[in-house]
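Visitor:
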Amino acid sequence: MGVQFFRTGIRLFSLQMVLTSFFLLSCGGDDDVAPEQPAMRPTLPAEGAAPVRSITHWGHVIPCYDWEFSYVNGRLITGKGTLRDPLASIDRTFSYTNTLGYGPSNVSMTTSNNESVRLQLNSSGYIDKMTVNRDTYEFNYLDGRLVRWNKITFGNSLGQITQVVSGATLEYRNGDLSCIRYTKNQIEPITLTFETSDIVNRNGLLPETVSEEMGCLGFENLYYAGLLGRPTIHLVKSVTVENLYNPDKNRTTRFEYSTTTGNIDLCTYHNNGQPTSVNYNY
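The opening residue of the sequence shown carries number -11 in my numbering; numbering runs sequentially from there.
The structure is reproduced here in structure tokens:
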């Protein structure tokens, strides 16, 4: 009887081990591995309308960039920027391509010229801070729109390191730009005053001629990727630039637009009396 009791105990123990192993396997396995979170999808400025795929400037331009964009699953993935400058010696002589990668709560950017870029996002998914090599950019938002930016850049010439500090505050009225106060090294205060058109900004376009004062010259692709705040509600009708210390640079630029099937495909204006145009393709 003792032997039978001993054998019965072994069978019960073995059964208990099998059940325990089954329980552990059932509770472990896939449940121990956190489900992969989907990559974030920033809201493109052209939400509900066609996103811009290329921007091309013609005529007498101020320093700016032409762009070619590509999108995958509603995200801007690559942007190729080409520098435009009225100086013939450097116009169209510099191009670079940047690629964006999206994680659950972060975005990375790599460039074809191997710059070291880091993007830090705020809780709304907009860029709060960006570093490009040694240069730093900081951005602030209100109601989802860019209201302040600051930039510190470094240059190297003949062994001398130079530092340039610039920044601006942006003001809005009813969702449209009304004023930008821009400074560079705190000695060149410039005020830009905007007049709003009655044309709805369906494609989320950046205002022309003011990328530098908006803090995104050369990386407008980040705006079109939905990472630098919401667009203006309407397109800009005119912008007046007042330079406190150099009134010879004061000017007013007036814009006209044309549309095709509801998309803004052309913007025209005069720069120093010379005709300039911008083509947008979708």
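Heads up, the beta-carbon is just placed ideally off N, CA and C, and yes, glycines get one too. The structure displayed is predicted, hence computed values, not measured ones.
Closest by CA to Arg242, which one among Gly250, Gly91, Thr249, Thr228?
Guide: Of the candidates Gly250, Gly91, Thr249, Thr228, the one whose C-alpha sits nearest the C-alpha of Arg242 is Thr228.
Visitor: Could you check which residue in Gly91, Leu180, Ile78 has the C-alpha nearest to that of Tyr53?
Guide: Answer by Cα proximity: Ile78.
Visitor: On the DSSP bridge list, what partners appear for Met97?
Guide: Note: Met97 sits in a beta bridge opposite Leu88.
Visitor: Classify Arg80 as buried or exposed, calling it buried when 16 or more other Cβ atoms lie within 10 Å of its own Cβ.
Guide: The residue is exposed, with fewer than 16 neighbouring Cβ atoms inside 10 Å.
Visitor: Using the Cα positions of Gln262 and Val198, report the straight-line distance between them to the nearest angstrom.
Guide: Approximately 17 Å, taken between the alpha carbons.
Visitor: Taking the alpha-carbon positions, what's the Gln25 to Val135 distance?
Guide: Roughly 31 Å between the two C-alpha positions.
Visitor: Is Asp186 buried or exposed, if buried means 16 or more other CB atoms sit within 10 Å of its CB?
Guide: Exposed is the call here.
Visitor: If you drop the 5 nearest sequence neighbours on each side, which residues of the same chain put their C-beta closer than 7 Å to that of Glu200?
Guide: Nothing listed; no residue qualifies.
Visitor: From this set, Ile140, Thr179, Arg239, Asn61, which residue's C-alpha is nearest Thr150's C-alpha?
Guide: Of the listed residues, the one whose Cα sits closest to Thr150 is Ile140.
Visitor: So who's on the other strand from Glu183, going by DSSP bridges?
Guide: Looking at the DSSP assignment, Glu183 forms a beta bridge with Ser226.
Visitor: Around the C-beta of Asn162, are 16 or more other C-beta atoms found within 10 angstroms, so that it is buried, or is it exposed?
Guide: The residue in question, Asn162, is exposed, as its Cβ has fewer than 16 Cβ neighbours within 10 Å.
Visitor: Tell me, to the nearest whole angstrom, how far the beta carbon of Cys167 is from that of Thr184; I am working on the premise that it is less than 8 Å.
Guide: Rounded, the Cβ-Cβ distance is 12 Å, inconsistent with contact.
Visitor: Counting only the same chain and skipping the five closest in sequence on each side, list residues whose C-beta sits under 7 Å from that of Asn138.
Guide: Same-chain partners within the cutoff: Glu126, Gly155.
Visitor: Could you tell me which uninterrupted beta strand (DSSP E) segments, each at least 3 residues in length, are contained entirely in the segment 198 to 268, listed from first to last along the chain?
Guide: Taking only runs of at least 3 residues, the beta strand (DSSP E) segments lying wholly in the segment 198 to 268 are 222 to 231, 239 to 242, 244 to 248, 251 to 259.
Visitor: So, helix, strand or coil for Ala27, using DSSP?
Guide: DSSP places Ala27 in coil when its eight states are reduced to three.
Visitor: Skipping 5 residues on each side, what residues in its chain have a beta carbon closer than 6 Å to that of Asn269?
Guide: So the list reads Arg41, Ser42, once near-sequence residues are dropped.
Visitor: Can you name the start and end residues of the beta strand (DSSP E) that Asp54 belongs to?
Guide: Asp54 -> beta strand (DSSP E) spans 52 to 60.
Visitor: At what residues does the beta strand (DSSP E) containing Ser42 begin and finish?
Guide: Note, Ser42: beta strand (DSSP E), 42 to 47.
Visitor: Taking the alpha carbon of Lys237 as the reference point, which residue from His222, Thr264, Pro177 has its own alpha carbon closest?
Guide: Selected option, being the one with the closest Cα: Pro177.
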